[in-house]
Amino acid sequence: MSDPVSRLVATAQGDAVDNPFRVTGVMMQYYYVCERELWFESRNIEIDRENASVARGTRVDESSYGERSQENLRLGMIALDLLEDGRVVEVKPSSTLTEPARMQLSYYLWYLDRVLGVEREGVLAHPTERRREDVSLDDDRCEKVESAIRGIHAIVTADSPPEATEKPYCESCAYHDFCWV
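Rendered as structure tokens:
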């Protein structure tokens, strides 16, 4: 089984797979934010937990939905922030990186559908901005998710990280020192 998508589904369903392959929601987000960050994450290179951006995201999750968001709902490879009225809610502190967050939520919806056989709708929530966006898993979004899974596989199986590319948000990245110091 050489296709990363098929291997991921088989791994998630507990099938015996040579070279099991896993993708988390954070990996999907990092793929759209910074491929180098994804490579570091895949190697369990610990991020700076004291980083202001990391701490802010944690505070928004905890303060916006109270006890309902104290523990993520873990389902195999994914950890959902919140279920609300049967919809998957992904909570983000700001809409600055909306497409990566949208793709993370899309991956959760794809995973629920393709791995667990559960169809759900999603909501991308930015509580500090009082914004919510409905996210559905249509054919185009499925193709984007599966293409990203293949791209993630290529990055995480590479021997070295992709070259550092400066982006507007590098200064606030928890991996900043790995790239620019």
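The sequence shown begins at 1 in the UniProt record's numbering and counts up by one. Ideal placement from N, C-alpha and C gives every residue a C-beta, glycine not left out.
Item: What residue ranges within the UniProt domain "DUF83" (24-180) form continuous beta strand (DSSP E) runs of no fewer than 3 residues, ordered along the chain?; Value: 73-75, 78-80, 82-84, 87-91, 122-126, 131-135
Item: If you count every other CB in all the chains shown that lies within 10 Å of the CB of K167, and 16 or more means buried, which is it?; Value: exposed
Item: Evaluate T11 with the Cβ neighbour count: other Cβ atoms within 10 Å of its Cβ, from every protein chain shown; 16 or more gives buried, anything less gives exposed.; Value: buried
Item: Output the distance between the C-alpha atoms of V123 and E163, rounded to the nearest integer angstrom.; Value: 33 Å
Item: State the DSSP-derived secondary structure class of L8, mapped to helix, strand or coil.; Value: helix
Item: Could you tell me how far apart the beta carbons of A125 and R114 are, in whole angstroms, since I believe they sit closer than 8 Å?; Value: Not a contact, Cβ separation roughly 24 Å.
Item: Return the Cβ separation of Y108 and I78 in integer angstroms, given the expectation that the two are a contact with Cβ distance under 8 Å.; Value: 5 Å
Item: Taking the C-alpha atoms as reference points, what is the distance between R141 and A148?; Value: 10 Å
Item: Distance, Cα to Cα, C179 vs T165?; Value: 9 Å
Item: So V135 and S106 are supposed to be a Cβ contact under 8 Å. How far apart are they, rounded?; Value: 6 Å
Item: Once the 5 residues before and after E119 are set aside, which same chain residues still bring their CB inside 7 Å of it?; Value: D113
Item: Report the residue from K92, T98, L8, E35 whose alpha carbon sits nearest the alpha carbon of D127.; Value: The amino acid occupying residue 127 in the given sequence is Pro; Asp does not appear at that position. Among K92, T98, L8, E35, the Cα nearest to that of P127 belongs to K92.
Item: What does the alpha-carbon distance come out to for the pair Y31 and L82?; Value: 22 Å
Item: Flag this pair as yes or no: are the beta carbons of E90 and L80 separated by less than 9 Å?; Value: yes
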